[in-house]
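Q: What the sequence shown shows, in our numbering, is residues 697 to 914, in sequence order.
Cβ coordinates follow ideal geometry from the N, Cα and C atoms, glycine included.
Bear in mind that the values here come from a model prediction, so they are computed numbers and not experimental data.
My questions all concern the structure below.
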Amino acid sequence: MSCQFDQYIERRNTCSRKWDDIEELFGKDDVLPMWIADMDFRPPRQVVEAVTKRATHGIYGYETESAGYLEAVLSWLQKRYDWRVNRDWVVHSPGVVPGLAFAVNALTEPGDRIVIQPPVYPPFYSVVRENGRQLVESPLILSEGKFSMDFASLERHFSSGIKFMIFCSPHNPVGRVWTKVELEKLAQLAVKYDVIVLSDEIWSDLVFPGHQHLPLAD
Ligand SMILES: Cc1ncc(COP(=O)(O)O)c(C=O)c1O
């Protein structure tokens, strides 16, 4: 399967948040909307064909997950990350951000404090605030052009009774692919203080050569 990355595809007038709301978002229309993770290339031909085949069927009733869908998820995690995931652990969600909100609601109580590590993907803030939880910030440390976690601040927060953290790995926007040493340190703190870490690993497949994404749960 392959993609063509250098073909210009007009996306205006396709109800695209990225291309059709430029004027509303920026007050002018001569900008390149590079603020959102929304790709301008087509997926591989096989993907378009599969979606077209399904659409051509013409009946769009309530759906269920196919066995192939779950198999694809499990085999991807094993192939890419050598991570064996039990099929009972997988829960479907219609998007990553909705999944974060479901987890916050399922695993914390209104008023609970939740740690995030700014600068970080803006919905991490809204998922906490809009669900009636309190936001606690443990900013990343920038030193010599590289961001790292502030473990002392994390330990202060965890030891003060905070039981939940939303983690970004690899981190958007700073681009860090966390190392095994860093992940182990975070995991040890979480175990020590009985903190649940909700790890958003949406960017795990996009890392530069020389770096390896490691799932925190592994
Ligand atoms: C860290 C992070 N999580 C989630 C998302 C979006 O996930 P979804 O569109 O599946 O809700 C993004 C998109 O930029 C992101 O950077």
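Identify every run of the alpha helix (DSSP H) within the stretch 700-740, keeping only runs that are complete inside it and at least 4 residues long; order them along the chain.
A: Those alpha helix (DSSP H) runs which fall completely within the stretch 700-740 and span 4+ residues are 713-716, 718-722.
Q: Output needed for Pro-790: all residues of its chain with C-beta closer than 7 angstroms, excluding positions within five of it in sequence on either side, in chain order.
A: Excluding sequence neighbours, Pro-790 sits near nothing in its chain.
Q: Please state the DSSP three-state secondary structure of Ser-789.
A: Coil at Ser-789, not helix or strand.
Q: If distances are taken between C-alpha atoms only, which option among Met-845, Trp-785, Gln-774, Asp-716 comes closest to Val-877?
A: Checked all of Met-845, Trp-785, Gln-774, Asp-716; the closest Cα to Val-877 is Met-845.
Q: Cβ-heavy atom distance between Gly-791 and ligand 1 below 7 angstroms?
A: Yes, the beta carbon of Gly-791 sits closer than 7 angstroms to at least one heavy atom of ligand 1.
Q: Within this structure, are the beta carbons of Ile-812 and Ile-862 separated by less than 8 angstroms?
A: Cβ distance < 8 angstroms, so Ile-812 and Ile-862 count as in contact.
Q: Using the beta-carbon count (16 or more within 10 Å), is Trp-731 buried or exposed?
A: It counts as exposed.
Q: Using the beta-carbon count (16 or more within 10 Å), is Gln-765 buried or exposed?
A: Before going on, a small fix: residue 765 reads as Tyr here, not Gln. That one is exposed.
Q: Between Phe-820 and the rest of its own chain, which residues show a CB-CB distance below 6 angstroms, the 5 nearest in sequence each way excluded?
A: These residues qualify, in order along the chain: Ile-812, Ile-862.
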